[in-house]
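Novice:
Number of protein chains: 2
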Amino acid sequence: MKEKDKKLTISKIKEGTVIDHISSGKALLVLKILGIGSKTKETVSMAMNVPSKKMGRKDIVKVEGKFINKEELNRIALIAPKATINLIRDYRVDKKFKVHLPRIVEGILKCPNKSCISNCSKEPVISRFYVNLHENKVIAKCYYCSKKITEIDKYLTG
Amino acid sequence: MKEKDKKLTISKIKEGTVIDHISSGKALLVLKILGIGSKTKETVSMAMNVPSKKMGRKDIVKVEGKFINKEELNRIALIAPKATINLIRDYRVDKKFKVHLPRIVEGILKCPNKSCISNCSKEPVISRFYVNLHENKVIAKCYYCSKKITEIDKYLTG
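This is the structure in structure tokens:
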């Protein structure tokens, strides 16, 4: 085996979306944000804690045969603000961009306030949060009850 | 790139544990069973829905630098009864075996019976289930309250 191939934890894909430079250990949460689970039909590969020159350790996710839209990808910035996206066609990078924190996210965070209308079983309302950076930390504020979340990982619903 | 390399979704590892022939879509649950999450320090790679001659589609998990013990690996049979284990040393398969359904599992299933002693907050007791195959389907029965579980995926606590 070539030395170069030994280093490549997950191999190149022919076509699809590569999410690179994910903060170490966060790949499983990235899958959750993208709604990738046991019912997903695409070929998905993931590597956690691979060596990275820039980041020390990083995670990577590759989804074959699917170009995930930018809006969905930007949600990743909630937990992995340094993530870079590569859209691949015929084994080459066709487009490359960084994720940007969205101003509002819907349906992927659960409000910790039990009395919030978004947690009411009689009148189910999709959760909606304003998202901001404060001293390099993501803070989400519930659109309905103004409850703030700083531990984003904990309240992800996928 | 060589044709063979294109087909290898996640590359060979130097040393560690490879879990192959996981039922398609179940790799994330395998990680859960093995307690692999965002705090894991090992390099872990995973592929879902890769083509397989035997199974049509299958999942694979590779954990570098760690030889997971047999007892822990056998728990995988709860959700992926055809899984095969390869222990790798210096890029070669050193040991190979199939997972076997354990007779009892502790701490990885949550009893659906809210009154079960294993769900009692005052006297926390680690969950314990007897495991059996019935018509090729895994059935788990609570050691404490005899409640039966057939949808194993749903009650995994990781």
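Residue numbers (this note's numbering), protein chains in the order written: chain U, 106 to 263; chain F, 106 to 263. A virtual CB, placed ideally from N, CA and C, is assigned to each residue, including glycine. Values in this document were obtained by computation on a predicted structure and should not be read as measured data.
(1) Starting from the C-beta of U/Val198, find all residues in its chain whose C-beta is less than 6 Å away, skip the five residues before and the five after it, and write them out in chain order.
(2) Report the residue from U/Glu147, U/Asn241, U/Lys242, U/Ile165 whose alpha carbon sits nearest the alpha carbon of U/Ser129.
(3) For the beta strand (DSSP E) holding U/Asn237, just list the boundary residues, first then last.
(4) Do F/Asp258 and F/Ile213 count as a contact pair if the criterion is CB distance below 8 Å?
(5) Mind reading off the beta-carbon distance from U/Glu147 to U/Lys171? Whole number of angstroms is fine, and I expect it under 8 Å.
(6) What does U/Asn154 reach in chain F if we use C-beta pairs closer than 8 Å?
(7) Specify, as a first and last residue, the run of the beta strand (DSSP E) that F/Val135 falls within.
(8) In terms of alpha-carbon separation, which member of U/Ile173, U/Lys203, U/Leu178, U/Asp195 lies closest to U/Lys187?
(9) Closer than 9 Å by beta-carbon distance: list the chain F residues that pair up with U/Leu134, in chain order.
(10) To test your reading of the DSSP string, which unbroken alpha helix (DSSP H) runs of 4 or more residues are found completely within the stretch 131-186 of chain F?
(11) Could you list which residues in chain F have their beta carbon closer than 8 Å to that of U/Ile115, in chain order?
(12) Just to check my reading of the structure: F/Ser150 and U/Ile115 have Cβ atoms closer than 8 Å, yes? What is that Cβ distance to the nearest angstrom?
(13) Are the CB atoms of F/Ile138 and F/Leu261 within a distance shorter than 8 Å?
(14) Do you know offhand how far F/Lys117's Cα is from U/Val123's?
(15) From what residue to what residue does the beta strand (DSSP E) around F/Asp258 run?
(16) Just tell me which of F/Val168, F/Ile127, F/Arg180 has its CA closest to the CA of F/Gly161.
(17) Using 8 Å as the threshold, is the C-beta distance between U/Lys215 and U/Ser232 below it?
(18) Please name the residue in F/Ala152, F/Pro156, F/Val236 whose C-alpha comes closest to that of F/Asn269.
(19) Tell me the rounded alpha-carbon separation between U/Val155 and F/Lys252.
Specialist: Looking at the coordinates:
(1) Closer than 6 Å at the Cβ level, and outside the excluded window around U/Val198, lie Asn191.
(2) Distance from the Cα of U/Ser129 is smallest, within the candidate group U/Glu147, U/Asn241, U/Lys242, U/Ile165, for U/Ile165.
(3) It spans 233-239 - the beta strand (DSSP E) in which U/Asn237 sits, taken as one unbroken run.
(4) For F/Ile213 and F/Asp258, no; Cβs fall outside 8 Å.
(5) Indeed, because the Cβ distance is near 5 Å, the residues count as touching under 8 Å.
(6) In chain order: Thr145, Lys146, Glu147, Thr148, Val149.
(7) For F/Val135, there is no enclosing beta strand (DSSP E); the enclosing alpha helix (DSSP H) covers residues 132-138.
(8) For the residues U/Ile173, U/Lys203, U/Leu178, U/Asp195, the minimum Cα distance to U/Lys187 belongs to U/Lys203.
(9) What U/Leu134 touches in chain F: Ser143.
(10) DSSP assignment within the stretch 131-186 of chain F yields the following whole alpha helix (DSSP H) runs of 4 residues or more, N-terminal first: 132-138, 175-179.
(11) The contacting residues are Thr114, Ile115, Ser116, Ser150, Ala152.
(12) With a contact defined as Cβ atoms closer than 8 Å, F/Ser150 and U/Ile115 qualify at about 6 Å.
(13) Against a cut-off of 8 Å, the Cβ pair of F/Ile138 and F/Leu261 comes out as a contact.
(14) It is roughly 20 Å from the alpha-carbon of F/Lys117 to the alpha-carbon of U/Val123.
(15) Note, F/Asp258: premise wrong, no beta strand (DSSP E); not H, not E.
(16) Ranking the options by Cα distance to F/Gly161, first place goes to F/Ile127.
(17) In this structure, U/Ser232 lies closer than 8 Å to U/Lys215 by Cβ.
(18) Lying outside 106 to 263, the shown extent of chain F, residue 269 of chain F is not represented and no answer is given.
(19) Straight across, the Cα-Cα distance linking U/Val155 with F/Lys252 is about 42 Å.
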